[in-house]
Amino acid sequence: MTSTDLALKDAMSSIEGAIGVALVDYNSGMALGTLGGGELDLAVAAAANTDVVRAKVRAIEMLNLNSAIEDILITLTDQYHLIRPLTSRSGKGLFLYLALDRNRANLAMARHQLRRIEGDLEV
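Taking numbering that gives the first Met the number 0, the leading residue of the sequence shown gets 0, the next gets one more, and so forth.
Shown next as structure tokens:
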């Protein structure tokens with residue numbers, strides 16, 4: 000099990016094309032930890048993507064789907080944004096947010112690595 004700081008460092012170092020990563024509480028929209036970002040304001044992105052997660056959770060409930068979000072992908076012209084809700088009991092209500100440079104990232108590998116990081120994360 001890894002701490003938040005180590006998980007964020009792992010994401011930035013092991014995921015090709017990573018721009019920035021955050022651990023976010025989707026009840027408050029607050030980033031509990033961030034790393035990287037450059038010109039991307041991760042605190043603002045965390046708050047804004049909280050609305051995305053909330054909307055998808057509502058849609059699943061309204062459709063009476065017996066399913067959970069594995070991840071959410073937002074594709075921009077030059078970036079990928081991955082949102083991965085934590086599945087552990089201690090991670091309930093949290094998600095990992097990862098921004099990737101589309102030209103340098105391998106989306107399949109990024110999803111695989113983020114799933115691994117999420118599984119190892121102890122909050």
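Glycine included, C-beta positions come from ideal geometry on N, C-alpha and C.
- Query: In the DSSP assignment, what residue or residues form a beta bridge with residue 33?
  - Reply: Under DSSP, residue 33 forms a beta bridge with 21.
- Task: Give every residue of the same chain whose Cβ lies closer than 7 Å to the Cβ of residue 51, excluding the five residues on either side of it in the sequence, and list them in chain order.
- Result: 71 and 82
- Task: Mind checking who residue 98 pairs with in its DSSP beta bridge?
- Result: 19 and 80
- Tell me, please, which residues DSSP counts as bridged to residue 39. The partner list for residue 39 (beta bridge, DSSP) is empty, contrary to what the question assumes.
- Distance, residue 61 Cα to residue 46 Cα: When rounded, the distance between both Cα atoms is 23 Å.
- Item | residue 118 versus residue 84: straight-line alpha-carbon distance, rounded | Each residue's alpha carbon lies about 11 Å from the other.
- Message: Between residue 31 and residue 3, how many whole angstroms is the CB-CB distance? I'm expecting something under 8 Å.
- Response: 6 Å
- Message: Can you tell me where the alpha helix (DSSP H) holding residue 7 begins and where it ends?
- Response: First-last of the alpha helix (DSSP H) with residue 7: 3-13.
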